[in-house]
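Here the structure is laid out as structure tokens; the discussion comes afterwards.
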Amino acid sequence: MRKVAIMAASCAAIFGVVSVAQAIEADQGLEVSVSGAKKGTKKKPSAVKLTVTTLTAGKGATPDGTFGTTNAVIHFDKALVFNNKQFPTCTEAQVNNDATKCPKGSKVSVDGSSSKAKAQGGTGATAIKANPAITAYNASGGKLILKLTSPTGEFNATGTIVATLKKDTGSYGSKLVVPIPEKYYNQFGIKITLQRFGALISAKTKVKGKTVSYVASTGCKKPLKFAGDFTFTDGATLKASTTAACK
């Protein structure tokens, strides 16, 4: 995990990760793992399992529960191709009402420990916490619906975050733009920190008799590049980058 400190009245480059001067002081991590990427080619892309996890930790005068993330943009290596347009889609309304009735094949994540979030609201003995499961559904218009479901007894973190896949530039082929609803950074005046947010994306569908993977690779010979841009409740911005082994 690459860490970034945001310090007042300073702008520093640390380990190649740039921070912008603001009041919030935090460490930001971006972790990505990929499997199935190495054997792909441009003519015959290979199916990929992609796990993306963001890790946010406050420190100093701004511990967890005193700030939140309002927007995130995740950048993906050019070798990865998203075939979301070829997959069945579900609507946000249907996901919220009864996701079991979404069209077969529209769910594109794998349930389990990799697809979970961790959040904290407030600090100290009165802090409230939640560990919602995350399920991803393909939607029309390049949208990816992230459904969060809180276990019974935790504060209400059940809901949806609607992200959008877009073309990227430079070293990256695609980016996922994730505007965070206020519910996930402020509830009734209580600041909420999304300490962890992760999902394992892996799905296949049939298109005219051919198997298509939601995420595919055109092949790689060196580590794949990923990056993230994060915006916080006071307007602070932060960048993080990482690589994933080509395998």
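Residue numbers (mature numbering (1 follows the signal peptide of the UniProt record, and there is no 0)): -23 to -1, 1 to 224.
Using N, Cα and C, we set each Cβ at its ideal position, and we do this for glycine too.
Since we're looking at a predicted model, the values are computed, not measured.
Starting from the C-beta of T28, find all residues in its chain whose C-beta is less than 6 Å away, skip the five residues before and the five after it, and write them out in chain order.
-> S10, S91, L177
Would you mind listing the beta strand (DSSP E) stretches within the stretch 156 to 200 that are 3+ residues and don't spill past its ends, in chain order?
-> 167 to 178, 181 to 184, 187 to 190, 192 to 194
Using alpha carbons as the reference points, say which of I169, Y191, D206, Q5 lies closest to K106.
-> I169
Nearest-angstrom beta carbon gap, Q172 and L32 [assumed within contact, 8 Å] = 7 Å
Can you list, in chain order, the residues of its chain whose CB lies under 6 Å from that of A221, leaving out five sequence neighbours each side?
-> V9, S10, V11, L201
What number of angstroms, rounded off, separates the C-alpha of K16 from the C-alpha of S190?
-> 14 Å
Rounded to the nearest angstrom, how far is the Cβ of D206 from that of V50, given a contact under 8 Å?
-> 4 Å
Pair within 8 Å by beta-carbon distance, F174 and A94 = yes
Does the pairing of the stretch 36 to 50 with the stretch 74 to 84 give three or more beta-carbon distances under 8 Å?
-> no
Anticipated Cβ contact below 8 Å, I122 with C197, distance rounded = Their Cβ separation, rounded to whole angstroms, is 29 Å, which puts I122 and C197 out of contact at 8 Å.
Tell me which same chain residues have a C-beta within less than 8 Å of the C-beta of K152, skipping the five on either side of it?
-> V50, I51, H52, F53, L142, K143, K144, D145
Straight-line Cα distance separating K224 from A217 = 22 Å
Nearest-angstrom Cβ-Cβ length linking N115 and V85, presumed shorter than 8 Å = 5 Å
Ranges of the beta strand (DSSP E) found wholly within the stretch 40 to 111, counting only runs of at least 3 | 46 to 54, 57 to 59, 94 to 98, 105 to 107
Euclidean distance between Cα positions of S117 and A140 = 11 Å
Check whether the Cβ of T103 lies closer than 7 Å to any heavy atom of the ligand GDP, and answer yes or no.
-> Of the ligands one can find in the structure shown there are none, so the ligand GDP has no counterpart to examine.
DSSP on A(-3), reduced to helix/strand/coil?
-> Its pLDDT being 38, under 50, A(-3) is placed unreliably by the model, and the measurement read from it follows with that caveat. If DSSP states are grouped into helix, strand and coil, A(-3) belongs with coil.
State the Cα-Cα distance for the pair K26 and V87, rounded to the nearest angstrom.
-> 9 Å
Below 7 Å CB to CB, which residues in the same chain sit around N73 once its five sequence neighbours on both sides are set aside?
-> T137
Just mark V155 as buried or exposed, buried being the case when its beta carbon has 16 or more other beta carbons within 10 Å.
-> buried
Return the first residue and the last residue of the beta strand (DSSP E) that E8 is part of.
-> 3 to 12
Separation of A104 from P36, as counted between CA atoms = Reading off the sequence, residue 36 comes out as Lys, not Pro. The alpha-carbon atoms of K36 and A104 are separated by roughly 16 Å.
Can you tell me whether DSSP reads S127 as helix, strand or coil?
-> coil
Among A24, E2, K124, P22, nearest to N108 - alpha-carbon criterion = K124
If we call anything under 8 Å between Cβ atoms a contact, is P22 one with A180?
-> no
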